[in-house]
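In the numbering used here, the protein residues as written are 8 to 134.
#1: Determine contact between the stretch 24 to 40 and the stretch 8 to 16, defined as no fewer than three beta-carbon pairs at a distance below 8 Å.
#2: Report the three-state DSSP secondary structure of residue 84 (helix, strand or coil).
#3: Residue range of the alpha helix (DSSP H) that residue 8 falls in?
#4: What does DSSP give as the partner residues of residue 127 in its beta bridges?
#5: Tell me where the alpha helix (DSSP H) around residue 101 begins and ends.
#6: Straight-line CA distance for residue 66 to residue 123?
#7: Thinking just about the alpha-carbon of each residue, which of 22, 121 and 107 is nearest to the one in residue 92?
#8: Leaving out five residues on either side along the sequence, give the residues of the same chain with a beta carbon under 7 Å from the beta carbon of residue 5.
#9: Is residue 120 helix, strand or coil when you go by DSSP?
#10: Who are residue 39's beta bridge partners in DSSP?
#11: Just checking my contact of residue 47 with residue 84 at CB under 8 Å: how many whole Å lie between their CB atoms?
Okay, structure coming up:
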C-alpha cells in the first residue's frame with residue numbers, strides 16, 4: 008500500500024469519526040433560549056439566556072437546574088429540590104428560588120416523574 012493510499016484511508020476514517028461525533032452531540036444535547044420578556048424562575052439565570060441541555064442525563068441530583076414539560080404542554084425551568092424512589096421509579100420535587108415567581112413547581116404539581124424531565128441545564132450563554 009502506498010503512502011497516498013494510507014492517507015486516503017486515514018482521511019475517510021477521520022471524516023467518519025467526526026460525523027459520528029457530530030451526530031452524537033446533536034442527539035445528546037439541545038439548546039433553549041429563555042424568554043427575554045419574562046422573569047426567570049431561577050435567580051442564577053437571566054431572561055434571554057441561552058441554555059445548553061443534556062437530554063439524557065445519567066443522574067439527576069438535588070440543586071440541578073432542569074427543564075420539564077408541564078401539564079400544559081409547555082416547557083418550564085425549575086430546580087430539583089429533592090428526589091425519592093417510589094415503586095422503582097425516581098421522582099423529583101421541583102421548585103424555584105425567585106421570589107414571587109408564578110412558574111409551575113411541585114407545590115402545584117406534586118412529585119414529578121423522570122419522564123417529565125426534558126433535560127438538565129449544563130451550560131448557559133452568556134457566562
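The C-beta atom is built at its ideal place from N, Cα and C for all residues, glycine as well.
According to the structure shown:
#1: Taking 8 Å as the limit for Cβ pairs, the verdict is that the stretch 8 to 16 does not touch the stretch 24 to 40.
#2: Three-state result, residue 84: strand.
#3: Here residue 8 belongs to no alpha helix (DSSP H), and DSSP marks it neither H nor E.
#4: Paired residue(s): 61 and 73.
#5: Careful: residue 101 lies outside any alpha helix (DSSP H), inside the beta strand (DSSP E) at 96 to 102.
#6: Roughly 15 Å between the two C-alpha positions.
#7: 121
#8: An answer regarding residue 5 cannot be provided, because it is not within the stretch 8 to 134 covered by the chain.
#9: DSSP places residue 120 in strand when its eight states are reduced to three.
#10: Partner(s): 58.
#11: 7 Å
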